[in-house]
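In the UniProt record's numbering, the protein residues as written are 1 to 297.
By construction, the Cβ of each residue, glycine as well, lies at the ideal position given by its N, Cα and C atoms.
First comes the structure, then the notes that go with it.
Right, dumping it as structure tokens:
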């Protein structure tokens, strides 16, 4: 019996660095490995990042290098959910001609690490081809050399029997080093600085909770409003009410109280978030436009 056709997978890759989301369409996820996905991502990255070490994270775990995306992303589960949603929607609509099902849309995170040497990049490319060949010939997959893949993943299958870690510390059990986790946390805090002042920057358990939400929310919500790469604080699990407050009050202060807002709000770092400072400048510009229009009318 022929195998069922492969599901089309639409992957939205979100980065820990200041890079926009990358959308990739995978036509054959059963024959595409984690290493192959890294090769595809590298082609979409800015030149400064093409030779960096990449870690692909889904549901708080590192994607295996040599396993198919169909298995590592559990596409059968997502296909069932999509079909259920489609059937529910069709029950409320008139029946029309049969159409092909939409692609399965998933969000994954990509951590960008240190620079790789030319040899390491070549080894990764070779290992990607070997892993794909292993999927085409399952009986021989056990003999396919994958030592090169380990050089870019540093033992991602190691597990820990200690108490469950929280936040980005969870990644330590999936092959991340302490240095990589620290770098990821630094990038995370840099993004949070756009939506928090130094006085209300989350720390301790509050910070760990935000990190957990960042790792988990895209899986639970299908990449909803809390995924990385969306506007400002929403990208890191911050309530969008804070975003509206910053833009509203920033524009109000800038429009009605421009000089006072500049003197008071910009007298030292941390009085206002960077987003509110931008909104103040927007309000000042609107004030100037109205003033100029009134003078010329």
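Using a threshold of 8 Å, state whether the C-beta atoms of residue i and residue j are closer than that.
i           : j           : result
residue 79  : residue 104 : yes
residue 40  : residue 56  : no
residue 42  : residue 136 : no
residue 49  : residue 17  : yes
residue 172 : residue 164 : no
residue 101 : residue 82  : yes
residue 84  : residue 106 : no
Residue i and residue j look like a contact to me (Cβ under 8 Å); what is the Cβ gap, rounded to whole Å?
i           : j           : result
residue 26  : residue 11  : 6 Å
residue 112 : residue 52  : 5 Å
residue 128 : residue 69  : That belief does not hold up - the Cβ atoms of residue 128 and residue 69 are roughly 13 Å apart, past 8 Å.
residue 131 : residue 66  : 4 Å
residue 167 : residue 208 : 4 Å
residue 254 : residue 287 : 7 Å
Could you give the distance in angstroms between the alpha-carbon of residue i and the alpha-carbon of residue j?
i           : j           : result
residue 283 : residue 214 : 32 Å
residue 8   : residue 60  : 23 Å
residue 188 : residue 295 : 47 Å
residue 33  : residue 14  : 18 Å
residue 124 : residue 47  : 18 Å
residue 262 : residue 76  : 55 Å
residue 169 : residue 260 : 44 Å
residue 22  : residue 275 : 24 Å
residue 176 : residue 256 : 50 Å
residue 247 : residue 133 : 52 Å
residue 182 : residue 212 : 15 Å
residue 245 : residue 203 : 22 Å
residue 216 : residue 62  : 13 Å
residue 120 : residue 37  : 16 Å
residue 291 : residue 280 : 16 Å
residue 206 : residue 118 : 41 Å
residue 298 : residue 278 : Residue 298 is absent from the structure shown; the chain starts at 1 and stops at 297.
For residue i, is the beta carbon positioned less than 7 Å from some heavy atom of the ligand PLP?
i           : result
residue 181 : Summarising the ligand content, the structure contains no ligands, and the ligand PLP is consequently not present.
Taking only runs of the beta strand (DSSP E) that begin and end inside the UniProt domain "Ubiquitin-like" (9 to 70), which ones reach a length of at least 3 residues, in chain order? 9 to 15, 22 to 26 and 52 to 58
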